[in-house]
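Following our numbering, the numbering of the sequence shown begins with 5 at its first residue and continues without gaps.
Quick reminder that beta carbons are idealized off the backbone N, C-alpha and C, glycines included.
A short worksheet on the structure shown next.
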Amino acid sequence: MISFNKTEIPDVVTFKSENHLDNRGFFMEIFNKDISDYFKCDFVQDNFVKTTKKHVIRGMHFQKKEAQAKLIKVFKGKILDVAVDLRKKSPTYKKWVSRILSDENMLNIFIPAGFAHGYCTLSENTEVYYKCSSYYNQKFDAGFLWSDSDINIKWPTSNPILSSKDQSLPNFRELK
């Protein structure tokens, strides 16, 4: 039985994957219909990201239309995963929540549509798997700067490795 745990932002939920260990290794069920039923979410796309270096920040990303709910899991390594509430009518608008996800703690995090998402790798050779509720659409791709002072995320590094795209993202208040 999976135990779902609400975070400080109640719509962002964590849960652990159950694994069955024996002398050969382990078996882990990553996803089943009970999970999508709990979140009332149909996932349509799976993504896999391998990052070779520590202190890489990917984010903060979202889609302006066709917003994506995400279900994130780490297969190898460790990340600090961050979600920022972008729902203007929400009592937690502009608030953020973070969790460490790793291959050791087996934690998953569900981030509903209407949030920005990003993460920082805390180890080398990190492998992140995530499901999305809608397809990526470059036309609606958006984001804001990881170090935005209005949002003030507490990252574990002040000098991350960033893509050129993430380096050029606007500040939060510049978003339209």
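Residue i to residue j span [Cα, whole Å]
i, j, result
"Q171", "L25", "42 Å"
"L173", "V101", "20 Å"
"L149", "G63", "7 Å"
"N112", "V48", "18 Å"
"D107", "V60", "18 Å"
"K143", "E12", "32 Å"
"P164", "R103", "18 Å"
"R91", "V78", "26 Å"
"D41", "K80", "27 Å"
Of the listed residues the options, nearest to residue i (C-alpha basis)
i, options, result
"S137", "F66, F176, L166, R91", "F66"
"T18", "A146, D145, M110", "M110"
"E131", "T56, F43, I113", "T56"
"L105", "I6, S7, S21, M5", "S21"
"K135", "K68, N36, G147, L179", "N36"
"F43", "L179, Y139, F8", "F8"
"Y133", "G147, A146, F114", "F114"
"N23", "Y140, K180, L166, I6", "I6"
Beta-carbon gap between residue i and residue j smaller than 7 Å
i, j, result
"K58", "S127", "yes"
"D152", "N129", "no"
"I76", "T125", "no"
"P116", "D15", "yes"
"A146", "K93", "no"
Terminal residues of the beta strand (DSSP E) in which residue i lies
i, result
"S21", "Unbroken run through S21: none, as it is neither H nor E."
"Y123", "119-125"
"Q49", "49-55"
Near the ligand PLP: residue i beta-carbon under 6 Å from a heavy atom
i, result
"G29", "What this structure holds is no ligand at all, so the ligand PLP is not there to describe."
Residue span of the alpha helix (DSSP H) that contains residue i, given as start and end
i, result
"Y133", "That residue, Y133, is in no alpha helix (DSSP H); its beta strand (DSSP E) goes 130-136."
"I39", "37-43"
"D170", "168-171"
| request: Determine contact between the segment 120-129 and the segment 79-87, defined as no fewer than three beta-carbon pairs at a distance below 8 Å. | output: yes
| said: With a threshold of 8 Å, are at least 3 pairs of Cβ atoms found where one atom belongs to the segment 70-81 and the other to the segment 147-164? | reply: no
| field | Stretch-stretch touch, CB-based, cutoff 8 Å, three pairs: the segment 89-98 with the segment 50-58 | value | no
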